[in-house]
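**Q**
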Amino acid sequence: MSSLFTAEGLAGLLFLFIVAVTLIGGIIATNSVRLPRAVSGLAMCLIGVAGLYYFLNSPFLAAMEMLIYVGAVCVTIVFAIMLADPGAEKRSGRQTALSGVLSFGVAGILVWGLVLLATSTMWPAVPVKVNDGSVTAIGHALLTTYSMVFELISVVLLLAIIGALVLARIGRDKA
Amino acid sequence: MMELLEMEPLRLLIFLGGLIAFAALNAAYLVWLERKVAAHIQCRIGPKEVGPFGLLQPLVDGIKLMSKQLLVPNGVDPYLFKVAPLLVLVPAVMSFVVIPFGENLAARNIDLGLLMIFAFASVNVLGLLLGGWGSGNKYAVISAARAVSQNVAYEIPMLITVISLVMVTHTMNLNEIVKQQEGMFWNWYIFRLTASPLMPVAFLIFFICSLAETNRAPFDLGEAESELIAGYHTEYSGMGFGVFFMGEYANMVIGASLATVLFLGGWQSPFGIGSGWWWFLLKVYALIFCVMWVRWTYPRTTLWGLLNLSWKVLIPISLFNLLLTGATIKVVSYLFGA
């Protein structure tokens with residue numbers, strides 16, 4: 141592909157754009173007072189993450205991220221907020237002068253730790269792709285190599301359903 | 062010219078421009094078609110003043126909408142209010158990217174085309190929800206809540222039906238799926254009873270679900286005019302409203318295109334000769350005509366009737382169809398060899 145830009149240049153630009161979308165989404169999600177806005181920020185952040193997956197040559201994962209996290213999780217959260225209280229605003233607890241300083245400190249330590257971890261790790265370069273990322277390959281991997289993990293995830297989902305039922309029943313008895 | 066078209070970025074740009082133009086013109090003329098169909102079903106004539114058969118009416122309407130002021134009322138959430146219409150339109154236009162209009166006429170021919178369309182279609186709901194909430198109007202909020210409970214309920218039988226079809230096709234590449242239905246019309250998946258005896262039922266479920274997913278009558282509870290004014294787009298004026306409308310009609314075309322690609326042979330001719338994009342468009346617009354026909358024939362359902370239809374009828378039948386498809390595949394491969 142020979143155009144005005146080189147392929148690497150365009151890819152780098154795209155990568156920066158996706159990272160910017162993810163970061164801005166994350167900042168909106170944590171900093172907005174109105175809950176639906178925060179969820180839209182979360183959706184934006186997750187779309188960015190889906191873009192990163194696509195950038196890393198796994199379109200299946202990207203599509204699933206969109207379908208499940210943006211399409212299902214975010215929609216469910218907004219739906220729940222609207223059913224509970226349409227004018228919902230975040231109620232944050234009491235804040236003292238110290239809390240801002242403390243949270244910056246904790247965030248700084250976290251960033252320092254992660255950067256240290258990232259730079260000190262020997263990242264093994266994968267010579268070839270593990271598989272072609274197609275549905276067939278992922279299906280085979282899920283039902284052979286990773287069948288144990290796959291089954292365990294269904295147990296987690298079962299627990300979530302039982303938990304939801306228990307919570308709903310408790311609410312009904314009180315009322 | 063051909064050398065220019067070989068360049069991937071330029072080709073994508075041309076396709077994107079074409080698709081956006083298609084989405085806009087398509088919305089305008091589907092509104093015209095809708096008014097004509099409605100009029101003839103109700104023994105009227107419909108638009109006839111501007112141009113022959115009123116054919117210029119949609120263009121004039123478009124100019125009118127664009128020249129109107131975009132009002133942002135007090136009390137709305139200014140950002141979400143403006144983003145919501147785009148969130149409805151953009152995923153619809155993105156979904157057009159993978160739809161094969163003809164054998165070589167698709168912007169991108171990717172292996173996960175089917176999955177990509179569903180991934181983008183799920184964002185559409187978020188647009189309705191944020192538009193409804195952002196309007197800060199109780200009718201809009203009620204409408205958004207209805208639209209979402211409906212969309213979530215009908216996404217399940219639709220996806221189960223699609224999964225049972227993918228089990229038969231072994232691929233999610235839409236162009237491959239069309240190619241598998243080559244030849245006479247009994248090769249179309251809707252008539253492929255050897256793949257699953259319930260194929261016509263699967264098509265019916267898919268069609269009903271796509272009606273509900275695009276909020277079309279008799280499932281248009283989200284914009285039930287007699288109860289909710291105009292639902293989630295009550296507060297929108299000018300092109301804000303226009304973009305919502307374009308999104309809705311683009312989604313209708315995508316629903317009909319998917320039904321065509323998956324069940325009705327896409328761009329394949331029913332007689333095995335003369336296949337091409339004209340067959341695709343013919344089938345898509347025939348399906349859209351059916352959608353309009355349904356809208357002006359049946360009254361609106363109630364909310365519980367709608368949810369009951371999905372959870373108590375469509376989901377059990379589609380699950381049964383999934384099981385039956387799996388069983389049929391096993392039995393056929395056992396009897397006739399893999």
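Keeping their order, the protein sequence lines are chains P and F.
Every number in this note's numbering is 140 more than the matching position in the first sequence, counting from 1.
Every number in this note's numbering is 61 more than the matching position in the second sequence, counting from 1.
For glycine and all other residues, C-beta sits at the position ideal for the given N, C-alpha and C.
If you're wondering where the values come from, they're calculated on a predicted model, not measured in any experiment.
For the stretch 104-171 of chain F, list the beta strand (DSSP E) runs that are entirely contained and at least 3 residues long, ordered along the chain.
**A** Those beta strand (DSSP E) runs which fall completely within the stretch 104-171 of chain F and span 3+ residues do not exist here.
**Q** For leucine 289 (chain F), count neighbouring C-beta atoms within 10 Å of its own C-beta (all shown protein chains included) and say buried if the count is 16 or more, exposed if not.
**A** With 16 or more other Cβ atoms within 10 Å, it is buried.
**Q** At what residue ranges does the stretch 253-320 of chain F contain a whole run of the alpha helix (DSSP H), taking only runs of 4 or more?
**A** Qualifying alpha helix (DSSP H) stretches, in chain order: 260-274 and 286-289.
**Q** Check each residue of the stretch 337-350 of chain F: if its Cβ is closer than 8 Å to any Cβ of chain P, include it; give the result in chain order.
**A** Flagged: no residues at all.
**Q** Could you check whether the Cβ of alanine 341 (chain P) sits closer than 7 Å to any Cβ belonging to chain F?
**A** The structure shown has nothing for residue 341 (chain P), since chain P only spans 141 to 315.
**Q** Just how far apart, CA to CA, sit isoleucine 278 (chain P) and phenylalanine 181 (chain F)?
**A** For isoleucine 278 (chain P) and phenylalanine 181 (chain F), the distance between alpha carbons rounds to 21 Å.
**Q** Quick one, which of F:Leu117, F:Leu77, F:Met219 and F:Leu73 has its alpha-carbon nearest leucine 94 (chain F)'s?
**A** Among F:Leu117, F:Leu77, F:Met219 and F:Leu73, the Cα nearest to that of leucine 94 (chain F) is on F:Leu117.
**Q** Let me know the alpha helix (DSSP H) ranges lying completely inside the stretch 159-238 of chain F, each 4 residues or longer, listed in chain order.
**A** Here the runs fully enclosed are 174-195 and 199-230.
**Q** Closest Cβ-Cβ distance between leucine 190 (chain F) and chain P: below 7 Å?
**A** Interface residue, yes.
**Q** Output yes if chain F places a C-beta closer than 7 Å to the C-beta of glycine 211 (chain P); else output no.
**A** For glycine 211 (chain P), the answer is yes, since a Cβ of chain F falls inside 7 Å of its Cβ.
**Q** Closer than 7 Å by beta-carbon distance: list the chain F residues that pair up with alanine 183 (chain P), in chain order.
**A** Near alanine 183 (chain P) (Cβ distances below 7 Å), the residues of chain F are Leu187.
**Q** Under 7 Å Cβ to Cβ from alanine 145 (chain F), same chain only, skipping five residues before and after it: list those, please.
**A** The residues are Gly188, Leu191, Gly192 and Gly195.
**Q** By Cβ distance, which residues of its chain are closer than 6 Å to alanine 24 (chain F), with the 5 residues on each side in sequence left out?
**A** Nothing about residue 24 (chain F) can be read from this structure; chain F reaches only from 62 to 399.
**Q** Quick check on methionine 400 (chain F): does DSSP put it in helix, strand or coil?
**A** As displayed, chain F neither begins before 62 nor continues past 399, which places residue 400 (chain F) out of reach and without an answer.
**Q** Closer than 9 Å between beta carbons: that is the criterion. Which residues of the stretch 166-190 of chain P meet it against chain F?
**A** Those residues of the stretch 166-190 of chain P that come within reach of chain F (Cβ to Cβ, closer than 9 Å) are Arg174, Pro176, Arg177, Val179, Ser180, Ala183, Ile187 and Ala190.
**Q** Assign methionine 222 (chain P) to one of three DSSP states: helix, strand, or coil.
**A** Here methionine 222 (chain P) sits in helix by DSSP.
**Q** Residues in the same chain with beta-carbon distance under 8 Å from leucine 80 (chain F), minus the five sequence neighbours each way, listed in chain order, please.
**A** Cβ neighbours of leucine 80 (chain F) beyond the five flanking positions: Val154, Phe157, Val158 and Ala168.
**Q** Kindly confirm or deny that the stretch 282-302 of chain P and the stretch 268-282 of chain F touch, where touching means at least three C-beta pairs closer than 8 Å.
**A** As far as the Cβ criterion goes, the stretch 282-302 of chain P does not touch the stretch 268-282 of chain F, which means the pair count is below three.
**Q** If the cut-off is 8 Å on Cβ atoms, which residues from the stretch 376-398 of chain F count as contacting chain P, listed in chain order?
**A** Going along the stretch 376-398 of chain F in chain order, one finds no residue with a Cβ nearer than 8 Å to chain P.
**Q** Would isoleucine 167 (chain P) be called buried (16 or more neighbouring beta carbons within 10 Å of its own) or exposed?
**A** Per the 10 Å Cβ criterion, exposed.
**Q** Hey, is leucine 242 (chain P)'s beta-carbon within less than 7 Å of any beta-carbon in chain F?
**A** Leucine 242 (chain P) does not count as touching chain F.
**Q** Identify which residue in F:Lys143, F:Ile203 and F:Leu147 has its Cα closest to the Cα of glutamate 286 (chain F).
**A** Nearest of F:Lys143, F:Ile203 and F:Leu147 to glutamate 286 (chain F), Cα basis: F:Ile203.
**Q** Cα-Cα, which of F:Thr295, F:Cys351, F:Phe252 and F:Trp339 is closest to arginine 277 (chain F)?
**A** If we check each option's Cα against that of arginine 277 (chain F), F:Cys351 comes out closest.
**Q** When you compare the CB positions of glycine 181 (chain P) and alanine 169 (chain P), do they come within less than 7 Å of one another, or not?
**A** Yes, they are a contact pair.
**Q** Would you say serine 274 (chain P) lies against chain F (beta-carbon separation less than 7 Å)?
**A** For serine 274 (chain P), the answer is yes, since a Cβ of chain F falls inside 7 Å of its Cβ.
**Q** For proline 245 (chain F), list the residues DSSP reports as bridge partners.
**A** Reading off the sequence, residue 245 (chain F) comes out as methionine, not proline. Paired residue(s): F:Phe332.
**Q** For glycine 397 (chain P) and threonine 261 (chain P), I'd like the C-alpha separation in whole angstroms.
**A** An answer regarding residue 397 (chain P) cannot be provided, because it is not within the stretch 141 to 315 covered by chain P.
**Q** Using the three-state DSSP reduction, which class does arginine 174 (chain P) fall into: helix, strand or coil?
**A** Strand at arginine 174 (chain P).
**Q** Please compile the residues from chain F whose C-beta is within a distance smaller than 9 Å of the C-beta of proline 199 (chain P).
**A** What proline 199 (chain P) touches in chain F: Ile171, Asp172, Leu173, Leu176 and Met177.
**Q** Out of P:Leu175, P:Ala212 and P:Gly191, state which residue places its alpha-carbon closest to the alpha-carbon of alanine 151 (chain P).
**A** Nearest option by C-alpha distance: P:Gly191.
**Q** By Cβ distance below 7 Å, which residues in the same chain neighbour alanine 237 (chain P) in space, the five residues on each side in sequence not counted?
**A** Result list for alanine 237 (chain P): empty, nothing under 7 Å.
**Q** Just the Cα atoms here: how many angstroms apart are proline 279 (chain F) and methionine 313 (chain F)?
**A** When rounded, the distance between both Cα atoms is 14 Å.
**Q** How would you label tyrosine 359 (chain F), buried or exposed, when you count the other beta carbons within 10 angstroms and need 16 or more for buried?
**A** Exposed.
**Q** Let's see if you can read the secondary structure: which residues bound the alpha helix (DSSP H) around tryptophan 365 (chain F)?
**A** Taken as a continuous stretch (DSSP letters only), the alpha helix (DSSP H) holding tryptophan 365 (chain F) covers 364-369.
**Q** Looking at chain F, is there any beta carbon in it that lies within less than 7 Å of the beta carbon of valine 246 (chain P)?
**A** By this cut-off, valine 246 (chain P) is not an interface position.
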